[in-house]
Amino acid sequence: MLVSIAQAQTIPDNIKSAFKGTWAYEQYGHTNTIVIKFEKGKNYATFLDIGTGEAPTETFQAKVKKNLLFIPAQHHKNDVNIEMEVIKGKLYFRQQLVIWDAEGNAIPTKSNFKTEQIFKRVKP
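So in this note's numbering, the last spot in the sequence shown is 108, and the numbers never skip.
1) Could you name the residues of the same chain whose beta carbon sits closer than 8 Å to that of residue 65, not counting the 5 residues immediately before and after it, in chain order?
2) Quick one: what does DSSP say residue 50 is sitting in, helix, strand or coil?
3) Three-state secondary structure (DSSP) at residue -5?
4) State buried or exposed for residue 70, treating a residue as buried only when at least 16 other CB atoms are found within 10 Å of its CB.
5) Consult DSSP for residue 107 and reduce its assignment to one of helix, strand or coil.
6) Is residue 42 near the ligand NAP - that is, is its Cβ less than 8 Å away from at least one heavy atom of it?
7) Taking the straight line between their C-alpha atoms, what separation do you get for residue 91 and residue 29?
8) Between which two residues does the beta strand (DSSP E) carrying residue 19 extend?
9) Would you say residue 51 and residue 2 are within 9 Å of each other, going by their C-beta atoms?
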């Protein structure tokens, strides 16, 4: 009898060390804060959007795509595709708005417009 156990794809240590920690973006007198964590045996990063601390924290699962973390848009939860990349110790946080039809399906767009914020690590 052969028993197979499916194992979660492990995330490379270099990705974990590049992304994990607390990151902050300061703008107009307030600080936007995010936390990225990796749990043993999980094939995704846990992304906590703390924001400015005025609203409840949002939690998402970020998948690894090559050297990026990616959070796909979810209707009525986060209406943007998010990708994150670490370049020279800074987190480049890019968002692209997704527009939905009446049935909740993403509408293809020709626009490649993305907003970008650059976060600094404040705690490993």
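A virtual CB, placed ideally from N, CA and C, is assigned to each residue, including glycine. Treat the numbers as computed from the prediction; the structure is a model and nothing was measured.
The answer reads as follows:
1) Position 81 of the sequence shown, counted from the first residue, corresponds to residue 65. For residue 65, where only same-chain residues beyond five positions count, the Cβ hits under 8 Å are 54, 55, 56, 57, 79, 80, 82.
2) Taking the sequence shown and counting its residues from 1, the one referred to as residue 50 is at position 66. Correct three-state label for residue 50: coil.
3) Position 11 of the sequence shown holds residue -5. Residue -5 falls in the coil class under three-state DSSP.
4) Taking the sequence shown and counting its residues from 1, one reaches residue 70 at position 86. So residue 70 ends up on the buried side.
5) The residue given as residue 107 occupies position 123 in the sequence shown. Three-state result, residue 107: strand.
6) You won't find the ligand NAP in this model; it holds no ligand whatsoever.
7) As a working note, residue 91 is residue 107 in the sequence shown. As a working note, residue 29 is residue 45 in the sequence shown. Their backbone Cα atoms lie some 27 Å apart in a straight line.
8) Here residue 19 refers to the residue found at position 35 when the sequence shown is read from its first residue. Run containing residue 19: 14 to 22, per the beta strand (DSSP E) assignment.
9) Against the sequence shown, residue 51 aligns to sequence position 67. Against the sequence shown, residue 2 aligns to sequence position 18. Against a cut-off of 9 Å, the Cβ pair of residue 2 and residue 51 comes out as a contact.
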